[in-house]
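Heads up: the structure comes next, in structure tokens.
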Amino acid sequence: MIGKIAAVVVLFSIVLAFYWKEDNEVQDMFFIKEMNKTYDYIVVGAGSAGAVIASRLSEDPNVNILLVEAGGSELESDTFRVPLKASLAQKTKHDWAYYTVPQKHSQKGMNEQRSFWPRGRVLGGTSNLNYMAFVRGSRHDYNQWEKEGCKGWSYKDVLPYFLKMEDIQIPSLYDSPYHSRGGYLTVSKSGDTPLPELYRKASEELGYKTVDKNGEDQIGFSYMQSSIRNGERCSTVKAYLRPVMNRPNLHISINTMATKILIENKKAKGLEVIQNNRKIQVYANKEVILSGGAVNSPVLLMLSGVGPKDHLHELGIPVVADLPVGNNLQDHMMFHMKYNINSSISINTQTLQAPIPKVQYALSKTGIYSGSGLESDLMDKIPNRDPAEPDYPDYQLTLFSVAQDEGFLDYGLDMNIKPEVTKFFKTRAKSNEFTHSLIGLHPKSSGTIRLQTTDPFDPPLIDPHYLENPYDIKVMTAAIRKAQQLMNTKVFKQLGATLTRRDFPGICDKVKFDTDEYWECLIRHFSVTVYHPVSTCRMGAVTDPSAVVDPELRVKGIMNLRVADASIMRNEPSGNTNAPCIMIGEKAADLIRGKDTVLDFRKQMAKLKL
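Those letters in the sequence shown? Residues -17 to -1, 1 to 593, by mature numbering (1 follows the signal peptide of the UniProt record, and there is no 0).
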């Protein structure tokens, strides 16, 4: 008997050693060591949009494409592929690891009142760091974009691209005209605990329907849809780049930092990069496309003389085009409400450290490690909202089934919390907790991104002006009241759901508990980014003074230069931003090529009442 047990232990050890590697040193044959002098297209940034654009452009064998990525290969770390390890890539070499400037109205519980902003510095970009939530946004978001001058970006215009990219792997949605199969990006149902079913029952008790948040209506309860394929993260590098890396007309240059766009006579001619400590210039016959994201795209534009003239003058950068680059920065914020229950059904440090879930995942890609911990949503509007507002939801209540216990506070999501605050949190941390992540979807507060210096290796000045507008507090407070209603249902009363309070000596302890003032104090202390910055190269009509790019994504006043990533979004969408970024990549590829590749999907949409 002892011999059999020893054999099983050895087998487990072999399996874990083989499948549960943390980091891999890889030699990837697909990356070029030396760039050509000239390409047809240069795409800057191999992230959520850039990987898509490079893949689609390379479908034409008659053009050649250079894809430039400042980071390395995603194969260098095994962390990326395992959904539940999402937070472990933060503050590694694969993360830009930005911080905001100190905030006046928020981040009061954070070191120096700064918000930590992880951003992917690796093939696949932030689609390798995010929590894989797949949310397209509301139809009303995109219809509003078009009303504000973004012609060709209404819901009926963008839905075909969402359909094109998707390979839905949720059987109940196979026949939905809002979904499709066969696209590059796998979308599946995520969740491995009983909590989402309890969440659904509680929502129904409050009168909510169960909906497909990527379907006809977002208002109500919905199961989490995630970019996960067979238990592994389906990033854009996995979905779009890996399958086509052997194309001879697609060159991928990693560890290559773009430092300047070469512009002559109002025309983009190429790119200046640093590779292996050497400054290199490479040229584009057709276009340069920026897909560095909402932080890095505006930074590169400003370094190249495209931006607010007063700011460029301050730094001594010659002005090529006076545009509102870096303005209109918007970001979603989230506030965590933790509840302790009388049942061990959430994921905690103890279950994460147990060998059985690891072996299960290693052998079958199932179990708790096959999901991100985000398992469902409830979306709704605030009471007495302005009837002039578009008919989209105002907040999103996301169920996070991982307990924020002592292990999570030490090794989980990094929120830049002050050490003394973390110490307080640990005194109340429980292993039977779960979390509501409350998200305000349409912030009225907006900020800026500016250069700190003219050195491209210096981090920028990021100032989102979080919670400057009182409206954002109003929305978050409404979300808190909704979470309280959910926890007051029969379902959660039977589980003994009890709020884990976060007021401590010196932190909101002088304000009467459960008043709006009490919650505002906590919101201003502990709300954090949801990692959804957008709009810093805003899209709009050519005559729109707030716009950097036109509806064709062309930078105003500069020929052969486009931006295609989260920075061009007119405003924040209703939900997580990764799916819209990928859609932007798909649509941009058609705009660049002058093609319409979604005619079949438009026919599918004929069944819909749009």
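Built from N, CA and C at the ideal position, the CB exists for glycine as well.
DSSP puts residue i in a beta bridge; with which residues?
i: T512; result: M316
i: T75; result: Answer by DSSP bridge pairing: none, since T75 is not bridged.
i: A304; result: V289
i: T526; result: For T526, which the question treats as bridged, DSSP gives no partner whatsoever.
i: T481; result: N323
i: W100; result: Y81
i: R212; result: E215
i: L49; result: I25 and H234
i: D200; result: None, per the DSSP bridge assignment.
I need the DSSP call for residue i, collapsed to helix, strand or coil.
i: T242; result: strand
i: V227; result: helix
i: R368; result: coil
i: N232; result: coil
i: M588; result: helix
i: A267; result: strand
i: I(-13); result: Any reading at I(-13) must be qualified, since the residue scores a pLDDT of 46, below 50, and its modelled position is unreliable; no value is offered.
i: T410; result: helix
i: A277; result: helix
i: L142; result: helix
i: N559; result: coil
i: D124; result: helix
i: T519; result: coil
i: residue 595; result: An answer regarding residue 595 cannot be provided, because it is not within the stretch -17 to 593 covered by the chain.
i: D393; result: helix
i: K578; result: coil
i: Q258; result: strand
i: I400; result: strand
i: S159; result: coil
i: I272; result: strand
i: G108; result: helix
i: V118; result: coil
i: D61; result: coil
i: G55; result: strand
i: I445; result: strand
i: R164; result: coil
i: I330; result: strand
i: E95; result: helix
Looking at the secondary structure, which residues open and close the beta strand (DSSP E) in which residue i lies?
i: V546; result: L544 to V546
i: R433; result: T431 to R433
i: D360; result: L357 to D363
i: Y378; result: Y378 to F383
i: F417; result: E416 to G423
i: F496; result: Note, F496: premise wrong, no beta strand (DSSP E); not H, not E.
i: residue 598; result: The structure shown does not extend to residue 598, since the chain is modelled only from -17 through 593, so no value can be given for it.
i: Y22; result: T21 to V27
i: L168; result: L168 to K172
i: D150; result: E149 to I151
Classify residue i: buried if its beta carbon has 16 or more other beta carbons within 10 angstroms, exposed otherwise.
i: I339; result: exposed
i: H296; result: exposed
i: Q127; result: buried
i: G174; result: buried
i: L450; result: buried
i: M317; result: buried
i: K74; result: exposed
i: M542; result: exposed
i: A185; result: buried
i: N331; result: buried
i: A589; result: exposed
i: A29; result: buried
i: E416; result: buried
i: K192; result: exposed
i: K586; result: exposed
i: V27; result: buried
i: Y24; result: buried
So the alpha helix (DSSP H) residue i belongs to, where does it begin and stop?
i: K473; result: K473 to Q477
i: L346; result: P338 to S347
i: L450; result: Here L450 belongs to no alpha helix (DSSP H), and DSSP marks it neither H nor E.
i: A185; result: L178 to E188
i: R39; result: G33 to L40
Exercise. Is it a yes or a no for the segment 219 to 226 touching the segment 160 to 170, going by three-plus beta-carbon pairs under 8 Å?
Worked result: yes
For this session: Please determine if the segment 557 to 574 and the segment 141 to 150 are in contact, where contact requires at least 3 C-beta pairs separated by less than 8 Å.
Result: yes
For this session: Examine the Cβ distances between the segment 271 to 291 and the segment 535 to 552 and report whether three or more of them are shorter than 8 Å.
Result: yes
For this session: Indicate whether the contact test is met: 3 or more Cβ pairs, each with one atom in the segment 318 to 330 and one in the segment 466 to 482, closer than 8 Å.
Result: yes
Exercise. Hey, is the segment 203 to 215 in contact with the segment 346 to 360, meaning 3+ C-beta pairs nearer than 8 Å?
Worked result: yes
Exercise. Counting pairs of beta carbons, one from the segment 438 to 453 and one from the segment 577 to 587, are three or more of them closer than 8 Å?
Worked result: no
For this session: Decide yes or no for the touch test of the segment 495 to 515 against the segment 246 to 264: beta carbon pairs closer than 8 Å, at least 3 of them.
Result: no
For this session: Say whether the segment 157 to 164 touches the segment 85 to 93, bearing in mind that this needs 3 or more beta-carbon pairs closer than 8 Å, one atom from each stretch.
Result: no
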